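Encoded as structure tokens, the structure appears first; notes follow it.
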Amino acid sequence: MRSRSLVVPAVLAGLLAGSVPDAASAHEQVGTPSVAVAAARTAAVAATVTRAATGGTLVARYGFNGGRATSITDESGHGHTLRLITGNGGTVSIVRHGQGHALRFPAKCTGQKRCPHAALQSSSAARLNPGTRPISYGAKVLLSRSQTSKGQNVVQKGYSATSSQYKLQVDGAAGRASCVLVGSRPGIKLVTSTVSVADGTWHAVECRRTATALTVLVDGAVRGNRAIAAGLSVANDRPLSIGGKGAYSDNDQFQGTLDDVWVRIG
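Letter by letter, the sequence shown follows residues -26 to -1, 1 to 240 of mature numbering (1 follows the signal peptide of the UniProt record, and there is no 0).
As structure tokens, then:
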């Protein structure tokens, strides 16, 4: 058997050439343990994600520092102003965050037939549609474990059932961030973080789509990755929506505090 010390040169050579051998071929060639191949793949993904972070155009950004919760200016300069939509008495509150402000959304509602709902929406704009281009989008989130639910939408454009979509959400009792892409063809592409963000402290959460991969990052670290088709296209006439997909009863209400929501395309 060939020495396992050959694993490192083999993996490094693959990375320098822009590819990483798959688990089966690496094992056949040098007897590589799967953990070494997984580590190499993680390194390659991280390098690709780091390069992707520097590109594109900021098409929307909301820092919530204007002192208003009903009409929020798009700080990217592209004019995607947010308006507050509510149901059953729902609202958002301005709270301090660092040197600025953040927005607190309605808290978890149990045992009530008519729970309060609130979301922020822009007008529909073609500039917010990535098509097949790279896109990254994210936010800073503050959510406690007691406020988790089956699904809470942070930022999205489009709906999975009726149009194409990109979305960042916090899923399940564990409170794990996940990223969603849906193209014109049926099928939800989902990647979920391996770590929770529902611990009562602030976390920066981000979704990144490159040509053939969808990645979720938490506090700058890659926490999940999956392959997608290069032809997956997201383009719809729906608004950008923050904190929920609407103000109706089944709106996947976000139940914590949000800051620094942004979208970058290209």
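Ideal Cβ placement from N, Cα and C applies to all residues, glycine included. In this text the structure is predicted, and so the values were computed from the model without any measurement.
Pair within 8 angstroms by beta-carbon distance, residue i and residue j
i, j, result
"residue 143", "residue 226", "yes"
"residue 146", "residue 122", "yes"
"residue 202", "residue 163", "yes"
"residue 102", "residue 178", "no"
"residue 200", "residue 191", "no"
"residue 129", "residue 151", "no"
"residue 69", "residue 92", "no"
"residue 233", "residue 71", "yes"
"residue 62", "residue 228", "no"
"residue 193", "residue 119", "no"
"residue 138", "residue 157", "yes"
"residue 116", "residue 149", "no"
"residue 47", "residue 40", "yes"
"residue 217", "residue 167", "no"
"residue 212", "residue 50", "no"
Simplified DSSP assignment, three categories, for residue i
i, result
"residue 77", "strand"
"residue 8", "Caution applies to residue 8, whose pLDDT of 48 falls short of 50 and renders its modelled position unreliable; the value that the coordinates give is listed next. Reduced to three states, the DSSP call for residue 8 is helix."
"residue 120", "helix"
"residue 151", "strand"
"residue 69", "strand"
"residue 113", "strand"
"residue 34", "strand"
"residue 237", "strand"
"residue 158", "coil"
"residue 135", "coil"
"residue 99", "coil"
"residue 22", "In this prediction, residue 22 scores a pLDDT of 49, lower than 50, which makes its location untrustworthy; the coordinate-derived value is nonetheless stated afterwards. Helix."
Supposed close pair residue i, residue j - CB separation, criterion 8 angstroms
i, j, result
"residue 94", "residue 58", "6 angstroms"
"residue 206", "residue 155", "6 angstroms"
"residue 208", "residue 140", "5 angstroms"
"residue 55", "residue 96", "6 angstroms"
"residue 76", "residue 231", "5 angstroms"
"residue 114", "residue 210", "So it is not a contact: roughly 26 angstroms between Cβ atoms."
"residue 153", "residue 165", "5 angstroms"
"residue 80", "residue 239", "Going by Cβ atoms, the distance from residue 80 to residue 239 rounds to 30 angstroms, so no, they are not a contact pair."
"residue 256", "residue 64", "What the structure shows of the chain is the stretch from -26 to 240, and residue 256 is not part of that stretch, so it cannot be assessed."
"residue 36", "residue 235", "5 angstroms"
Start-to-end residues for the beta strand (DSSP E) that takes in residue i
i, result
"residue 39", "From DSSP, residue 39 is part of no beta strand (DSSP E); its letter is neither H nor E."
"residue 165", "162 to 170"
"residue 183", "176 to 183"
"residue 229", "Premise fails: residue 229 is in no beta strand (DSSP E) and is neither H nor E."
"residue 197", "195 to 201"
"residue 218", "Residue 218 -> no beta strand (DSSP E), and no H or E assigned at all."
"residue 192", "187 to 192"
"residue 92", "91 to 95"
Per DSSP, the bridge partner or partners of residue i
i, result
"residue 125", "145"
"residue 54", "None; residue 54 has no bridge partner."
"residue 130", "141 and 215"
"residue 241", "Because residue 241 is not part of the residues shown, which for the chain are -26 to 240, the question remains open."
"residue 60", "92"
"residue 45", "57"
Residue i CB to nearest heavy atom of the ligand MN below 7 angstroms
i, result
"residue 143", "The model depicted lacks the ligand MN and carries no ligand whatsoever."
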